[in-house]
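First comes the structure, then the notes that go with it.
Residue numbers (this note's numbering), protein chains in the order written: chain A, 136 to 433; chain B, 3 to 173.
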C-alpha cells in the first residue's frame, strides 16, 4: 500500500475536526449560555432567540433543538466527506470498507423492504437513520436531543407523509380518492383518519420514546438522591452528602434509554417510512397505467 | 434563559426540521452514496475486465497447447519413420556385411584346405623319397653290393603304395 501524502493527511485531520467540532461547539454553547440550574426540572428546549413574524403567523423561536439539529447535520456532512476521502477502486482502506458497508447495507435494507422500484430511497432512509440516531445520541455528551422535541420529529413525519401521498397519487387523483373507499365505501372516514394518523403516530412514537427516556432518567436521579439522603442523611459532614446510589445506576438506565432506545427508534422510524411508502404505492396499478400509456403511444 | 413547553407545536420549527432532513438527504446522496457507488461500479468494471482478460489468455493458451500437441505428434510420427528407415538400412547393410564376410571366410577356408592338401601331398612325396633312399641304402648294406638303384626304387615304391592302400582300406 502506498504511503499517503502529507496534504492527504492534513485534509483527513481537517475533516475529522469538522466532524468533531460541531459537538464541541454544542457543548461550549451549552456551558456558556446555560445558567446554573436551580434543582431538577423537566422542560422543553431552551430558546436562544425568537424571530418575530407578522401577526397572523407564529413567531419562530430558535431553540436548542434547531441548533443541535444543525450541528448534527454539519457533523454528518464532514463524516460523509471523511468517509469518501481518498476512495479508490483498487486499494480500499478500512475507512472505505466502512463507507461501502453503510451504503450496501442501506441499499439492501431498502430494496429488501421496498422493492427495486424504490431503490433510490436508500440515501433518504440513511439520512433518517443518521439524523435520528445522532440526534438521540447527543444526550451522551449532555446536549439536548432534538428528537425529544415534537416539532423536529413532526417535520420528518410530515415529509414522510408528503412522500406517501405523492406515491399514492402516482396513478392520478381519482385513483387516490377511490383508494379511501377500500374495501367498502362506508369505511372512508376511518381510512381518512388512519391516513392522518400515520404521521402523527410516527412523530409521537419517536418523540415520546426519547422524551420519556429523559424524563425517567431525571425522575430516577431525583429518586436516588432522595433514597441516598434517607440512608446517609444522619451521618455527619461530607458522608451525609455522598451520592453513593447515584453512582452507576443512572448509567445503566442511560445505556437503555440513550443508546439502545435512541438507535432503536431511529431504526423503527426508518422502517416505518419504508413500509408506509412502499405499501401505500399501488405498484401493480401504476405498471398497468404505464403499459396502457405505452401502447397508446405506439 | 427561557424554555419552550415540553409539548409545543410550532409550524416554523416543523418546516425547518423538514428542510433539515431534506438537506441531509441531499448530502448523503451527493457526498456519500454517489461516490461510493461510483467506486463500487469502477471496481466491478475492473473485475469484469480482469475476468475478460483471463478468459482471453486461457483461450490463447488453449490454442497454443493444441498447436504444440499437433506439432508434437507430427514430430513423433516423423521420428518413428526415421527410425524405421534407419533400421531397415542398417539391417540391409549388416546383411551385406555378414554375407561378404561369410564368402571371404569360405574362400579362406577353401584356400587353407587346398594349401593343406598340397602340403600333405608334398610331405607324402618327401617321405616316400626318404624311405626309398633309406631302404635302398639299407638293402645295399645288407647285400653288400651295388644293385640297380632304379629297379630297386621302383620295387620299393610299389611296396609302399601297397602298404598305403592297405592302410587306407583298414582306416
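All residues carry an ideal CB built from backbone N, CA and C; glycine is no exception.
- Listed by position along chain A, the residues whose Cβ is nearer than 8 Å to that of residue 44 of chain B are 224.
- For the 8 Å CB-CB criterion, residue 356 of chain A and residue 35 of chain B do not form a contact.
- Close partners of residue 204 of chain A in chain B (Cβ separation under 7 Å): 19, 22.
- Non-local C-beta neighbours of residue 254 of chain A in its own chain, meaning closer than 8 Å and more than five positions away in sequence, comprise 242, 245, 246, ordered along the chain.
- For residue 31 of chain B, the chain A residues whose Cβ falls inside 7 Å of its Cβ are 258, in order along the chain.
- Distance from the Cα of residue 212 of chain A is smallest, within the candidate group B:131, B:103, B:30, for B:30.
- Separation of residue 44 of chain B and residue 432 of chain A (C-alpha to C-alpha, rounded to the nearest whole angstrom) is 37 Å.
- Listed along chain A, no residue sits closer than 8 Å to residue 85 of chain B by beta-carbon distance, the nearest being about 57 Å off.
- Residue 234 of chain A is positioned such that its CB atom lies no closer than 8 Å to that of residue 23 of chain B.
- Within 7 Å of the CB of residue 39 of chain B, the CB atoms of chain A belong to 238, in sequence order along the chain.
- The three-state secondary structure of residue 228 of chain A, taken from DSSP, is coil.
- Judged by DSSP in its simplified three-state form, residue 183 of chain A adopts strand.
- Along the segment 175-199 of chain A, the positions whose C-beta sits under 7 Å from a C-beta of chain B are 177, 178, 179, 180, 181, 182, 193, 195, 196, 198, read in chain order.
- In this structure residue 341 of chain A is buried. Its beta-carbon is surrounded by 16 or more other beta-carbon atoms within 10 angstroms.
- If you draw a 10 Å sphere on the C-beta of residue 119 of chain B, you find fewer than 16 other C-beta atoms in it, and that means exposed.
- C-alpha of residue 281 of chain A to C-alpha of residue 204 of chain A: approximately 6 Å in a straight line.
- The C-beta distance from residue 207 of chain A to residue 183 of chain A rounds to 16 Å, too long to meet the 8 Å contact threshold.
- Closest by C-alpha distance to residue 14 of chain B, out of A:393, A:167, A:139, A:197, is A:197.
- Below the 7 Å Cβ cutoff, chain A contributes no neighbours of residue 69 of chain B, its closest Cβ being approximately 35 Å away.
- DSSP lists no beta-bridge partner residue for residue 407 of chain A.
- In the three-state reduction of the DSSP assignment, residue 223 of chain A falls in the coil class.
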